[in-house]
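*Asks:* Residue numbers (the working numbering), protein chains in the order written: chain P, 304 to 650; chain H, 304 to 650. Built from N, CA and C at the ideal position, the CB exists for glycine as well. Just passing along the structure, written as C-alpha cells.
Protein chains: 2
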Amino acid sequence: MSTRRATINDVAREAGVSPSTASVVFSGKTPTSEATRARVLAAAESLGYTGPDPRAASLRRGRSGIVGVVFDQHLGTAFLDPVTTHMMDGLADGVSRLGAALLLLRDDGVTVSEPSLHTAPIDAAVLIGCSPRMRDSLEIVRGRGIPVVVVEGDAGEGVPRVLLDNADAQRAAARHLADLGHDDVVIVTLPVDTLRRRGWLAPDAVIGVDVTADRLRGARQVFPDAPALAAATSSIDEGAIAGRTIFAERRPTAIIAQSDLLAAGIIRAAEEAGLRVPQDVSVTGFDGVVVDGLAPHVLTTLVQPATAKGRAAGEAVAAMLEDTVPSGLDLECTFRVGTTTGPPPTT
Amino acid sequence: MSTRRATINDVAREAGVSPSTASVVFSGKTPTSEATRARVLAAAESLGYTGPDPRAASLRRGRSGIVGVVFDQHLGTAFLDPVTTHMMDGLADGVSRLGAALLLLRDDGVTVSEPSLHTAPIDAAVLIGCSPRMRDSLEIVRGRGIPVVVVEGDAGEGVPRVLLDNADAQRAAARHLADLGHDDVVIVTLPVDTLRRRGWLAPDAVIGVDVTADRLRGARQVFPDAPALAAATSSIDEGAIAGRTIFAERRPTAIIAQSDLLAAGIIRAAEEAGLRVPQDVSVTGFDGVVVDGLAPHVLTTLVQPATAKGRAAGEAVAAMLEDTVPSGLDLECTFRVGTTTGPPPTT
DNA sequence: TTGTACGCGTTATCAA
DNA sequence: TTGATAACGCGTACAA
C-alpha cells in the first residue's frame, strides 16, 4: 500500500486503452464511447486514482487557476482591518466567474521561503495598494509576465487599477469642517512609508503611500497649513497614540483621521483627556466601517465601497485572463455626517 | 518580443553551462563556483529569465508549497465572522514556518470550475469544520492522499483535529445561569445543517454540525428540557430574528446563544420588546469576540482562543508535511462573566 | 473514436 | 564543481 500513487498511465493500462484516451475521459474534451468511459472509470476506481495530478496538468496547460492576492503586511493584521475583509469578500466574488481560487501572498521584501511572489504558481495577481513595497511587488510580478491589477495604488502605464476618489472625498469632509467654522485642524494620516514611522510630517515630506498622499492632499485643499501626524498603522490603538500625542501638545478644534479605526482611537484619547466629542473637538474618519466600542458615537466619515472595490478588481483579473483588456475603475466614497462633528467650541 | 518566455535551458545555453548547473544556481542546492554563477545570472538577466517556472518545479518536486483552507460557505461570509478572521490570523502564523501560502478554497458541493478541492495544487488542507459538507470535503481530500487537519469537526480515525471543549464550556455558562436561579431558558443555536434552516428544533432533531451539537449538549446537561431555536447563520441580524421569534411567543428568564453575534442580536431584540438585560432576561454568548454596538453591555460568554486554534492547525499541517505525526489538539474556552447575566426577575 | 509521440520546464541522481 | 540523463504526469496535435 505504500507504493506511489497511480497515474493516468496506470489507469490506461489497467483499462486497456491508451493514456490519451484515459485523459480524455477525465477532461471530457473529446467524446468517448460509453463503454471505454466506463472501463476507464472502473480502472481508476480500482487503482484509487482520483483524477489528474494538478501539478502536471497545470504545467501542461500553462494555467494554475490561482489568483494571488498580495498584501504588504502580516496577513493577520490585514484580516483584522474590516476594509480588507470586505474587499476580500468582493474579490472572491469577482474572480468566482473564473472559478479561480485566491492565494494569500505576502510580500515583505524578504524572500523567506516558497512560495513567494517570485515563485507562486499564479495566473494573475491583485496588489492591494497602500504601500510603497507595492512598487517592488509590481516589478516582480510584471517581470514574471503575470497580469496584474492594482487596487488603490499608482501602477504606472498599462496596469489596470481600481481607485477611490480619495482626495475628493477627503476634501468633502474637510469642507464640512470648514463650513462648521473650524480652522484649527490636525490631520492624522495612515502610514507614509514602508518603515511605518510615527510622527509629525514636515510640510515638504515626501509620502510614499498613494492613499495617504491623496487623502492628505484633499484635506490640505481646504486646510493648507494643517499639521499632519503619521500613524504606524490603521488601528484603534494607533489612533489613541496619535490622539495622546496631539492633546499633549495642542488643542485643535477638529481632527481629520484618515481611517475610522484611527478616528475611534483619537476619540478615545480625547475622552481620556477630558474632551467631549464633538463639543470640544470634532473628529472625522474615513472608510465607513463598523467600529466596535464607538457607540454611542456615529462617526462622521467617508463611506467607501470596499466590497465593490474587491469585486471590481476580481472582474478586471477575470477580463485579463480572458484576453479582454480591462479598463481601470474609479469608485466613489459617500460622505456621511455622524455625531462626531459639530461647531468648534466658542471659547 | 512576442516569443515564448525563456526557460532555464535557454539560460544554460546562453551561459554555456548545462541546464542542471543553471538550475542549481537558482536553487542553491549545491555550491557553484562564483564564476559560473555570475555567468548564469548574467545570461538570465539578458534573456529576461526571472526564475524557474513554479508549475514545472512543483511537478518535479511533488510539492507546491500551498496549503488549502477549505470553507463551507461563501468566503465573504466567512471573513465577516471575527472568529474566522482571528483563526486565519493564527493559521497564517502557524504555516509560516513552512513558508507555505494559503489557498482559499470553497467546497460548496458543486464542482464549478477549477481549481476546486479536487484539482487544487495543494500540499495539505485545513478544513474549517462546523459543516456537514465537511465530511464530503474530507473524503475528497483524503482520496487525493493529501494530509488534512480538521478544525472543530468530527474527522474519523487518524485525522488530526483541533478541537474546543465546546460542550464543557457551554455547560459552564448554563451552570452559571442555573446558579443564578434560572430555570426557564431558551437556547439559540448555530445552523444545524447545510440548509441553514431557521426554527424550533424537535427534541429528537438530528444535528449535523458538530459545534452546534456539542454546545447544545453542554447546555442540555444543565437544562435538559430547554427549547432550542436554530439560527440560519452566526450574525447579529440572525440573532435579532431569533430574539423576536422568542419574545413573540414566550418570556424566558435567560437565553443561551451559541455565538456572541447571535447574543448581540438577541439583546437588541429584547430591548425592542421593552425588556431590560439582565434585569428581565439574561443572555449568554459564545466566542468572546468584540461585538460592535453592544456597549455598554459586556457579554457573559465563553472566550475561545480563536487565534490559537488557527495556529495549532497550521502547526499540525507543518508537522504532517515534515512527516511527523501531529496529535490533535484540544483547546479550552474561558468563561467570562459580563453584565448581561443576573438573577431572574422575582415576579 | 482511439492511439502514437512528443513536449511542457524543471530537478534528482549519479558519474565524471 | 559540473554535466548527462531520466523522469515528474499530463494534454494534445495528428494520424489512423
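#1: Got a sec? Which residues, its chain only, sit under 8 angstroms from residue 481/H by beta carbon, not counting five neighbours each side?
#2: For the alpha helix (DSSP H) that residue 639/P lies in, which residues bound it at each end?
#3: Please go through the same chain and pick out, in chain order, the residues whose beta-carbon is closer than 8 angstroms to the beta-carbon of residue 321/H, but skip the five residues on each side of it.
#4: Less than 8 angstroms between the CB atoms is what I'm expecting for residue 466/P and residue 631/P, so what's the real figure, rounded?
#5: Tell me, which residues are paired with residue 633/H by DSSP?
#6: Which value, in whole angstroms, describes the spacing of the CA atoms of residue 343/P and residue 333/P?
#7: Can you give me the C-alpha to C-alpha distance between residue 606/H and residue 390/H, rounded to a whole angstrom?
#8: With a cut-off of 8 angstroms on the beta carbons, I'd call residue 436/H and residue 410/H a contact; round off their distance for me.
#9: According to DSSP, simplified to helix, strand and coil, what is residue 372/H?
#10: Mind checking the stretch 420 to 438 of chain P against chain H and listing, in chain order, the residues whose C-beta falls within less than 9 angstroms of any C-beta there?
#11: Taking residue 568/H as the reference, give the member of 588/H, 556/H and 553/H with the closest Cα.
#12: Going by DSSP, what residue range makes up the beta strand (DSSP E) through residue 585/H?
#13: Can you list the beta strand (DSSP E) stretches of 3 or more residues lying completely in the stretch 532 to 618 of chain H, in chain order?
#14: Quick check: the stretch 492 to 505 of chain H against the stretch 533 to 551 of chain H, are at least 3 beta-carbon pairs closer than 8 angstroms?
#15: Take residue 340/P and list the residues in its own chain whose beta-carbon comes closer than 7 angstroms to its own, dropping the five residues that flank it on each side.
#16: Under 8 angstroms, Cβ to Cβ, is there at least one residue of chain H near residue 308/P?
#17: Determine, using beta carbons only, whether residue 514/P and residue 385/P come nearer to each other than 8 angstroms.
#18: Could you list which residues in chain H have their beta carbon closer than 7 angstroms to that of residue 404/P, in chain order?
#19: Would you say residue 359/P reaches chain H, if we count a Cβ-Cβ gap shorter than 8 angstroms as a contact?
#20: Just reading off the beta strand (DSSP E) that residue 431/H is part of, what are its end residues?
#21: I'd like the span of the beta strand (DSSP E) that includes residue 453/H, first residue to last.
#22: Suppose you measure from the CA of residue 304/H to the CA of residue 442/P; what does that come to, to the nearest Å?
#23: Check the C-beta distance from residue 608/H over to residue 484/H and give it rounded, since I have them as a contact under 8 angstroms.
#24: Indicate the three-state DSSP secondary structure (helix, strand or coil) for residue 328/P in the structure shown.
#25: Verify whether the separation of the beta carbon atoms of residue 388/P and residue 382/H is less than 8 angstroms.
#26: Using 10 angstroms around the beta-carbon of residue 312/H, count the other beta-carbons present and answer buried if the total reaches 16, otherwise exposed.
#27: Given a cut-off of 8 angstroms on the beta-carbon distance, is the pair residue 507/H and residue 470/H in contact?
#28: Going by the DSSP bridge assignment, what does residue 409/H pair with across the sheet?
#29: Counting only C-beta atoms, is residue 383/H closer than 8 angstroms to chain P at any point?
#30: Just the C-alpha distance for residue 486/H and residue 374/H, rounded to the nearest angstrom, thanks.
#31: Compute the Euclidean distance between the alpha carbons of residue 639/H and residue 557/H, then round it to the nearest angstrom.
#32: Assign residue 626/H to one of two classes, buried (16 or more other C-beta atoms within 10 Å of its C-beta) or exposed (fewer than that).
#33: Can you say whether residue 357/P is buried or exposed, counting buried as having 16 or more other CB atoms within 10 angstroms of its CB?
#34: In chain H, which residues lie less than 9 angstroms from residue 391/P when you measure between Cβ atoms?
#35: Output, in sequence order along the chain, the residues in the stretch 364 to 375 of chain P whose CB is closer than 7 angstroms to any CB in chain H.
#36: Listing by chain order, which chain P residues have their CB less than 8 angstroms from the CB of residue 553/H?
*Replies:* From the atom records:
#1: 525 and 526
#2: Per DSSP, residue 639/P belongs to no alpha helix (DSSP H); it is in the beta strand (DSSP E), 637 to 639.
#3: 315
#4: 7 angstroms
#5: 466/H
#6: 14 angstroms
#7: 13 angstroms
#8: 6 angstroms
#9: strand
#10: 421, 422, 423, 424 and 425
#11: 588/H
#12: 585 to 587
#13: 557 to 560, 585 to 587 and 604 to 606
#14: yes
#15: 328
#16: yes
#17: no
#18: 406, 407, 408, 418 and 423
#19: yes
#20: 427 to 431
#21: 451 to 454
#22: The predicted model places residue 304/H with a pLDDT of 39, which falls under 50 and marks its position as unreliable, so this point remains unresolved.
#23: That belief does not hold up - the Cβ atoms of residue 608/H and residue 484/H are roughly 31 angstroms apart, past 8 angstroms.
#24: helix
#25: yes
#26: exposed
#27: no
#28: 374/H
#29: yes
#30: 37 angstroms
#31: 16 angstroms
#32: exposed
#33: buried
#34: 378, 379, 382 and 407
#35: 367, 368 and 369
#36: None at all; the shortest Cβ gap to chain P is about 29 angstroms.
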